[in-house]
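Data block below; observations after.
Residue numbers (the numbering used here): 353 to 475.
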């Protein structure tokens with residue numbers, strides 16, 4: 353494999369994970385402060401939806417950035433972006449869904465290709 357492939361995966365992991373943290377960290381802070389206000393898009397309850405979203409947007413991106421269990425860590429984030437794009441924003445125009453779709457594609461690529469050699473997993 354060409355060396356640029358692994359560098360590309362590193363940049364993708366840092367870019368996607370870092371940008372996702374801009375959504376996850378504020379939610380994590382809200383969770384730690386005891387504010388559980390959140391929607392219930394798939395009918396599992398507001399609190400459960402919020403906790404799962406915090407895991408997908410704050411915990412999993414850190415694992416993805418460092419390359420630890422990267423493929424597994426990408427799954428909750430992928431699921432969250434599917435829900436955001438196709439459930440929460442189902443009736444919205446594509447411009448509104450665009451951010452969730454971009455994250456979805458990026459994290460799908462990470463899940464398919466893995467972390468690359470510049471990671472804790474080194475695969």
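Each residue gets a CB set at the ideal place from its N, CA and C atoms; glycine is no exception.
Counting along the chain, no alpha helix (DSSP H) covers residue 445, and no H or E run does either.
In the DSSP annotation of this structure, residue 471 is not part of any alpha helix (DSSP H), being labelled neither H nor E. Proximity of the segment 393-407 to the segment 445-460 falls short of the contact definition, fewer than three beta-carbon pairs being nearer than 8 angstroms. Scanning 382, 432, 418, 407 for the CA closest to the CA of residue 460 turns up 432. Shown here, residue 391 sits in coil according to DSSP, grouped into three states, outside any helix or strand.
With the rule of 3 Cβ pairs closer than 8 angstroms, the segment 418-425 does not count as touching the segment 433-442.
When secondary structure is reduced to three states using DSSP, residue 421 falls in the coil class, being assigned neither helix nor strand.
Taking every protein chain shown into account, the CB of residue 474 has fewer than 16 other CB atoms within 10 angstroms, so this residue is exposed. Residue 359 and residue 448 have their C-alpha atoms roughly 31 angstroms apart.
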